[in-house]
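*Asks:* Numbered according to our numbering, the sequence shown spans residues 50 to 447. Here a beta-carbon is modelled for each residue, glycine too, at the ideal position from N, C-alpha and C. This is the structure I have questions about; it appears just below.
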Amino acid sequence: MLSGKRVLLIIGGGIAAYKSLSLIRLLRGQGCAVTPVLTQAGAQFVTPLSVSALAGQKVHSALFDLTDESEMGHIELSRSADLIVVAPATADLMAKMATGRAEDLASTLLLATDTPVLLAPAMNVRMWEHPATQRNLAVLRGDGIRFVGPDEGEMACGEYGAGRMAEPEAILAAIRAMLVQGPLAGQHIIVTSGPTQEPIDPVRYISNRSSGAQGAAIAAALRDLGASVTFVTGPAAVPAPDGVRVVAVETAQEMLAAVEAALPASAAVFAAAVADWRVLNAASSKVKKDGTGQAPALQFVENPDILATICRGDARPKLVVGFAAETDDVLGHARAKRLRKGCDWIVANDVSPHTGIMGGVENSVTVISAEGEETWPRMAKDAVAAKLAARIAQALHD
Ligand code: C5P
């Protein structure tokens, strides 16, 4: 339930605006008060009357209406809510927000607020993929703005791709995650993710096939339970989730330094696929063929084991979770690894190519702890993450 919570809902101009009417109903059904703001463009798609009838409140649309002393001013309007939701968030609104413009009521409210903001973008796929929109997206993420969607699919304009507004139920779930105090509220958790890249010379490196999907999903699931997450990531294929503190690194040594700098933490999840070795004689300029046909001899040196180092360190988090990605004798190797590295739990998975797990959307894991072993059915990486996050919350409360 969202009883007692207040959402300021800004409805931008897009065909998806009709879905915001369902969102209002869903929110009110949960006991959440909805103060609606309809942009001029939004009013081309849904009428102020339907919005106010569903919200049970007056619709705000003009900036200068609010300058009247008898009205709530725009500063107060923007700050009296627990959360501001922009749905649909158009490319234009995102551009205004990214550049700090305040030329109508919606953009002024968004600039005047210190309340958390959630955007549900909706636009044509070309507009979404345009470098300008992607640039604005990166700026807004950096400003701490949260996003839900857009989804991929058939668009109202007949094209196919990313740009459909998230469904009202998904927006509601994102709102709930931001407004409901989760069981991990007040807990700081570190998650490592992605591969590391170990340079051979300034243009070449040694790395692995980790996409970072499982680590990103775990960070998002911990965030959804209210944790404050530091996400230390190598160069991953999957983007970092919103609403977490991202520390981007390349090498294992940088990853260790970033994790140590992020301590103390209540828990740490080491989902990164860290390179075991780095090149000792990495060249400072590009290695050339010398005409003799002789391949350059690379010398390797072992990387620090981040998980083992943190487990043995003075600031060891209460709960440390490692991963064991194996291709043979998965459980045997994983059990040995848990003891050798000194972590509390090891999440073991089989990453042999035939499983399709590395780089795929599903995972099949066994969680090994001192108390025993539990094999979970194969499920989406998001579902594994949610289950693991719930276990972490339980363990930190015990
Ligand atoms: O690579 P390995 O199978 O040993 O990884 C097991 C666990 O140790 C994983 O959780 C991984 O993130 C972590 N690890 C690490 N630093 C390394 C190697 C592995 O933190 N240098």
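Let's test the definition: count the other Cβ atoms within 10 Å of the Cβ of Ile355 and tell me whether it reaches 16, buried, or not, exposed.
*Replies:* buried
*Asks:* Measuring straight from C-alpha to C-alpha, what distance separates Lys54 and Pro290?
*Replies:* It is roughly 25 Å from the alpha-carbon of Lys54 to the alpha-carbon of Pro290.
*Asks:* Below 8 Å on the Cβ atoms is my contact criterion, and I expect Ala332 with Glu247 to pass it. Report the Cβ-Cβ distance as a whole number of Å.
*Replies:* Not really, about 13 Å apart at Cβ, beyond 8 Å.
*Asks:* Please check the pair Val369 and Ala317, which I expect to be a contact at CB under 8 Å, by giving their CB distance rounded to whole angstroms.
*Replies:* That pair is a contact at about 5 Å.
*Asks:* Using the C-alpha atoms, what's the distance from Arg128 back to Asp200?
*Replies:* 29 Å
*Asks:* Counting C-beta neighbours from all protein chains within 10 Å, is the total for Leu437 16 or more, i.e. buried, or is it exposed?
*Replies:* buried
*Asks:* Threshold first: 4 residues or longer. Then list the alpha helix (DSSP H) segments lying entirely within the stretch 283-347, N to C.
*Replies:* 301-311
*Asks:* Would you mind sorting Gln236 into buried or exposed? The rule is 16 or more other CB atoms within 10 Å of its CB.
*Replies:* buried
*Asks:* Could you tell me the alpha carbon to alpha carbon distance between Trp177 and Leu58, rounded to whole angstroms?
*Replies:* 22 Å
*Asks:* Ordered along the chain, which non-local residues of its own chain (more than five positions away) have a Cβ less than 6 Å from that of Ser256?
*Replies:* Pro244, Gln246.
*Asks:* Between which residues of its own chain and Thr162 is the CB-CB distance below 7 Å, once the five residues before and five after are set aside?
*Replies:* Ser127, Arg128, Ile133
*Asks:* At 4 residues or longer, and completely inside the stretch 153-181: list those alpha helix (DSSP H) runs for me, N to C.
*Replies:* 154-161, 174-178
*Asks:* Report buried or exposed for Thr182, applying the criterion of at least 16 other Cβ atoms within 10 angstroms of its Cβ.
*Replies:* buried
*Asks:* On the three-pair Cβ rule with 8 Å, is the stretch 134-145 touching the stretch 166-174?
*Replies:* yes
*Asks:* When you compare only the Cα positions, how much space is there between Pro313 and Thr84?
*Replies:* 40 Å
*Asks:* On the premise that Leu167 lies in contact with Val197, defined as a C-beta separation below 8 Å, what is that separation, rounded to the nearest angstrom?
*Replies:* 6 Å
*Asks:* In terms of residue numbering, what span does the beta strand (DSSP E) encompassing His237 cover?
*Replies:* 237-242
*Asks:* Taking the DSSP output, what are the residues bridged to Tyr254?
*Replies:* Pro248
*Asks:* Under the three-state reduction of DSSP, which class applies to Glu216: helix, strand or coil?
*Replies:* coil
*Asks:* What runs of the beta strand (DSSP E), each 3 residues or longer, lie entirely inside the stretch 355-403?
*Replies:* 368-375, 394-399
*Asks:* Please classify Leu76: is it buried, with 16 or more other beta-carbons within 10 angstroms of its beta-carbon, or exposed?
*Replies:* buried
*Asks:* Please go through the stretch 54-117 and give each complete alpha helix (DSSP H) segment of 4 or more residues, from N-terminal end onward.
*Replies:* 66-78, 97-104
*Asks:* First and last residue of the alpha helix (DSSP H) that includes Asp431?
*Replies:* In this chain, the alpha helix (DSSP H) harbouring Asp431 covers 430-446.
*Asks:* Within 7 Å: the Cβ of Ala455 and any heavy atom of ligand 1?
*Replies:* No answer is possible for residue 455: it lies beyond the span of the chain, which begins at 50 and ends at 447.
*Asks:* Determine, using beta carbons only, whether Lys386 and Asn412 come nearer to each other than 8 Å.
*Replies:* no
*Asks:* Based on Cα-Cα distance, which residue from Arg195, Gly122, Ala311 lies nearest to Leu154?
*Replies:* Gly122
*Asks:* Please report the Cβ distance between Thr282 and Ser242, rounded to the nearest whole angstrom; I am assuming they are in contact, meaning their Cβ atoms lie under 8 Å.
*Replies:* 5 Å
*Asks:* Can you tell me whether Thr88 is buried or exposed, with buried defined as 16 or more other CB within 10 angstroms of its CB?
*Replies:* buried
*Asks:* Mark Pro251 as exposed unless 16 or more other C-beta atoms lie within 10 angstroms of its C-beta, in which case mark it buried.
*Replies:* With fewer than 16 neighbouring CB atoms inside 10 Å of its own CB, Pro251 falls in the exposed class.
*Asks:* Nearer than 7 Å: is that true of the beta carbon of Phe349 relative to any heavy atom of ligand 2?
*Replies:* This structure lacks ligand 2; its bound ligands are ligand 1.
*Asks:* Who are the near neighbours of Ala357 in its chain, counting only those whose CB is closer than 7 Å to its CB and skipping five residues on each side?
*Replies:* Lys390, Gly391
*Asks:* Between the alpha carbons of Ala92 and Leu233, how many angstroms are there, rounded?
*Replies:* 40 Å
*Asks:* Would the C-beta of Thr241 count as close to ligand 1, meaning under 7 Å from any of its heavy atoms?
*Replies:* yes
*Asks:* Per DSSP, which residues does Ala138 bridge with? Please list them.
*Replies:* Pro170
*Asks:* Which same chain residues end up closer than 8 Å to Asp211 when comparing Cβ atoms and leaving out the 5 residues on each side of it in sequence?
*Replies:* Note that residue 211 is Ala in the sequence shown, not Asp. These residues qualify, in order along the chain: Val174, Trp177, Glu178, Pro199, Asp200, Glu201.
*Asks:* Which same chain residues end up closer than 6 Å to Val336 when comparing Cβ atoms and leaving out the 5 residues on each side of it in sequence?
*Replies:* Excluding the 5 residues flanking it on each side, Val336 has same chain C-beta neighbours closer than 6 Å at Asp250, Pro345, in chain order.
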